[in-house]
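Numbering (the numbering used here), first residue to last: 5 to 138.
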């Protein structure tokens with residue numbers, strides 16, 4: 005059985021991402037206006053930044069299948085065996101994590117490692133994790 009859970013997204017997250025994209029576009033526009041050209045390195049860094057932001061926004065989700073929790077956060081990936089999960093606690097920690105909301109679950113696994121996620125259908129998600137880790 006494979007279950008996919010999207011990340012909950014707080015209202016301020018898309019606002020922040022849009023502000024960064026607009027700021028990047030304005031910096032590019034100003035550079036082209038003043039210098040008459042766009043330095044290739046600036047184009048590369050700006051383009052990569054925008055792609056990364058969009059990738060993270062549209063591809064943050066969690067999959068529970070085959071006794072494994074797989075976490076996808078743009079280009080970043082985690083794979084955790086459900087049998088390694090030691091605890092699941094609610095948190096509002098702002099520390100960087102593969103979650104688009106501050107309404108998070110802190111999953112402790114494999115001797116003290118941890119990751120924070122913000123799945124939709126939280127109770128179903130926790131229930132599946134607990135079933136697999138029992």
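From the three backbone atoms N, C-alpha and C, an ideal C-beta is built for every residue, glycine too.
Where residue i and residue j are concerned, what is the direct C-alpha to C-alpha distance, given to the nearest angstrom?
{"i": "residue 1", "j": "residue 40", "result": "In the structure as shown, the chain starts at 5 and stops at 138, and residue 1 therefore has no counterpart that could be examined."}
{"i": "residue 136", "j": "residue 25", "result": "40 Å"}
{"i": "residue 13", "j": "residue 111", "result": "19 Å"}
{"i": "residue 98", "j": "residue 34", "result": "33 Å"}
{"i": "residue 43", "j": "residue 21", "result": "24 Å"}
{"i": "residue 130", "j": "residue 94", "result": "11 Å"}
{"i": "residue 5", "j": "residue 133", "result": "13 Å"}
{"i": "residue 108", "j": "residue 92", "result": "10 Å"}
Which of the three DSSP states is assigned to residue i in this structure?
{"i": "residue 108", "result": "strand"}
{"i": "residue 18", "result": "helix"}
{"i": "residue 90", "result": "strand"}
{"i": "residue 101", "result": "coil"}
List the endpoints of the continuous beta strand (DSSP E) containing residue i.
{"i": "residue 120", "result": "117 to 121"}
Residue i CB to nearest chain C CB: under 8 Å?
{"i": "residue 108", "result": "Although the question refers to chain C, the structure presented lacks it and comprises just one protein chain."}
Mind checking whether the beta-carbon of residue i lies closer than 7 Å to any heavy atom of the ligand FAD?
{"i": "residue 19", "result": "With respect to the ligand FAD, the structure offers nothing, as it holds no ligand at all."}
(message) Quick check for students: name the residue ranges of the alpha helix (DSSP H) that lie wholly in the segment 27 to 88, counting only runs of 4 or more.
(response) 44 to 62
(request) Could you say if the segment 18 to 38 and the segment 119 to 133 meet the contact criterion of at least three C-beta pairs nearer than 8 Å? (result) no
(message) Under 8 Å: do the segment 49 to 66 and the segment 96 to 115 share three or more Cβ pairs, one atom per stretch?
(response) yes
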